[in-house]
Amino acid sequence: MARCLSSVADFVDEIIIVDTGSTDRTKEIARPFTSDIYDFAWIDDFAAARNYAFSQATMEYILWLDADDFLRERDRSKLAELKDTLDPSVDSVTMEYHLAHDEYGNVTVKNRRNRLVKRSNSFRWIGRVHEYLEVWGHIINSDVAVTHASMHHDRNRNIAIYENALQRGETFTPRDLYYYANELQNHARYEEAIQYYEQFLETGLGWIEDNLSACGKMADCHHALGNEQLELESAIRSLQYAAPRAEICCRLGFYFLQKSEWQSSIFWYKTATTLNPSDDVLGLSNTACSSWLPHLQLCVCYDRSENINWPQRITN
Numbered sequence: 415m416a417r418c419l420s421s422v423a424d425f426v427d428e429i430i431i432v433d434t435g436s437t438d439r440t441k442e443i444a445r446p447f448t449s450d451i452y453d454f455a456w457i458d459d460f461a462a463a464r465n466y467a468f469s470q471a472t473m474e475y476i477l478w479l480d481a482d483d484f485l486r487e488r489d490r491s492k493l494a495e496l497k498d499t500l501d502p503s504v505d506s507v508t509m510e511y512h513l514a515h516d517e518y519g520n521v522t523v524k525n526r527r528n529r530l531v532k533r534s535n536s537f538r539w540i541g542r543v544h545e546y547l548e549v550w551g552h553i554i555n556s557d558v559a560v561t562h563a564s565m566h567h568d569r570n571r572n573i574a575i576y577e578n579a580l581q582r583g584e585t586f587t588p589r590d591l592y593y594y595a596n597e598l599q600n601h602a603r604y605e606e607a608i609q610y611y612e613q614f615l616e617t618g619l620g621w622i623e624d625n626l627s628a629c630g631k632m633a634d635c636h637h638a639l640g641n642e643q644l645e646l647e648s649a650i651r652s653l654q655y656a657a658p659r660a661e662i663c664c665r666l667g668f669y670f671l672q673k674s675e676w677q678s679s680i681f682w683y684k685t686a687t688t689l690n691p692s693d694d695v696l697g698l699s700n701t702a703c704s705s706w707l708p709h710l711q712l713c714v715c716y717d718r719s720e721n722i723n724w725p726q727r728i729t730n
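To convert, count from 1 in the sequence shown and add 414; that's my numbering.
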């Protein structure tokens with residue numbers, strides 16, 4: 415938390431901390447930065463805690479961060495410039511969220527979040543787990559990035575929240591169905607995960623990025639279960655929701671590579687090399703799939719297919 419607060423303390427006009435019952439010296443660490451420290455009884459609902467924090471804000475705009483987020487020096491400078499130049503008509507500013515890095519510090523997983531929002535709009539957080547901020551109006555993308563420095567979390571925390579809700583007879587929203595399926599997949603409960611992904615997609619009410627992800631994750635589940643045909647069908651199903659993304663192209667390329675169907679694999683990996691993630695897409699992006707990975711896999715395909723012209727094909 416100290417790194418998080420230190421990275422923004424120079425630029426913000428107030429810092430608000432909401433403690434949901436931590437045992438890791440949260441208040442002690444926060445006190446040098448702010449006296450605005452509040453307690454909020456934990457009720458298995460992350461959105462409720464965030465909405466309470468937002469209700470304490472008094473400035474024109476709200477910037478939100480988790481305790482394990484921080485801004486690198488280059489992004490601190492960008493944030494300072496943004497604060498000085500932001501058009502007051504803007505309702506929300508998105509920033510990249512760098513979620514994972516390789517051993518060289520390169521970003522491997524990222525997405526965009528609505529990170530800086532106008533307080534007078536009273537935007538609300540929605541969702542007990544994997545909550546999101548519902549925004550509207552004049553939204554702009556910025557080049558500021560927030561870096562996530564992963565801390566240890568109880569891997570059973572989120573699935574326990576969902577299963578307690580089920581025991582209470584609560585009705586899941588489409589988003590709940592999707593994220594509960596993710597938790598089931600993470601716990602290798604693949605058959606159950608597939609069931610909930612199907613329920614989610616059948617609602618027809620999912621966010622497009624979640625629809626695409628659900629298809630890819632179902633393919634992963636079927637792969638783990640050895641269901642080759644259903645693995646392929648799940649991956650192709652994503653094409654119902656949007657034009658191919660680099661991630662699903664690599665997923666299909668890998669499927670055909672494993673079956674030694676080199677021409678089909680080459681088609682999908684070559685397609686992946688032509689696709690770049692858009693700044694307007696808020697879903698998760700695996701940067702490998704739109705950079706080095708398809709090129710490397712093309713080398714494998716051309717080599718295994720004994721195609722003597724493969725170096726020229728790749729460089730072209």
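C-beta atoms are modelled at their ideal positions from N, C-alpha and C, and glycine is treated no differently.
Sixteen is the threshold: when 16 or more other Cβ atoms of the shown chains lie within 10 Å of the Cβ of Gly-667, as they do, the residue is buried. Closest option to Tyr-475, judged by alpha-carbon separation, among Val-504, Arg-486 and Phe-454: Val-504. Under DSSP, the beta-bridge partners assigned to Phe-484 are Thr-561.
Each residue's CA atom was taken as its position, placing Val-543 and Tyr-511 some 18 Å apart.
Excluding the 5 residues flanking it on each side, Leu-698 has same chain C-beta neighbours closer than 8 Å at Leu-513, Val-523, Lys-524, Asn-525, Glu-623 and Ser-627, in chain order. Taking the Cβ atoms as the reference, Cys-663 lies roughly 5 Å from Trp-682, within the contact range of under 8 Å. Non-local C-beta neighbours of Asn-625 in its own chain, meaning closer than 6 Å and more than five positions away in sequence, comprise Tyr-655, ordered along the chain. Here DSSP, grouped into helix, strand and coil, assigns Val-531 to strand. Put simply, the segment 597-611 does not touch the segment 672-681. Fewer than three CB pairs are less than 8 Å apart. Going by C-alpha positions, Asp-482 is about 27 Å away from Ser-705.
Contact check for Arg-665 and Gly-618: beta-carbon distance about 23 Å, past the 8 Å limit, so the pair fails to qualify.
Taking a C-beta distance under 8 Å as the contact criterion, Phe-468 and Ala-563 do not qualify as a contact pair.
Looking only at Trp-456, His-515, Glu-647 and Leu-598, the smallest Cα-Cα distance to Glu-577 is reached by Leu-598. Boundaries of the beta strand (DSSP E) harbouring Glu-510: 506-515, taken from the DSSP string. Boundaries for Glu-545: no beta strand (DSSP E) harbours it, and the DSSP string shows neither H nor E there. Taking a contact as a CB-CB distance under 8 Å, the pair Arg-417 and Trp-539 does not count as one, their CB atoms being some 24 Å apart.
With contacts defined as CB atoms closer than 8 Å, Ile-431 and Ala-444 qualify as a contacting pair. The beta carbon of Ala-660 sits closer than 6 Å to the beta carbons of Ala-686, Leu-689, Cys-703 and Ser-704 from its chain, once the five residues preceding and following it are set aside; these are given in chain order. Listed in chain order, the non-local C-beta contacts of Trp-456 below 7 Å within the same chain comprise Thr-434 and Gly-435, local neighbours out to five positions each way being set aside. Counting C-beta atoms within 10 angstroms of its own C-beta, Glu-442 has fewer than 16 neighbours from the protein chains shown and is therefore classed as exposed.
Only residues of its own chain outside the window of five on either side were considered, and among them His-636 have a CB closer than 7 Å to the CB of Leu-644, listed in chain order. Burial check for Glu-605: the Cβ neighbour count within 10 Å stays below 16, so the residue is exposed. Under the rule that a run must span 3 or more residues, no beta strand (DSSP E) segment is found entirely inside the segment 620-644. If you check the CB distance, Ser-556 and Asn-528 do not come in under 8 Å. The Cβ atoms of Ala-649 and Tyr-669 lie closer than 8 Å to each other. Secondary structure note for Arg-445: it is in no alpha helix (DSSP H), with a DSSP letter that is neither H nor E.
Distance between Asp-568 and Val-560, taken at the CA atoms: about 23 Å. The residues Val-504 and Val-507, in chain order, have a CB closer than 6 Å to that of Ile-554 in the same chain once the five nearest residues on each side in sequence are set aside. Here the C-alpha atom of Ala-574 lies approximately 12 Å from the C-alpha atom of His-601.
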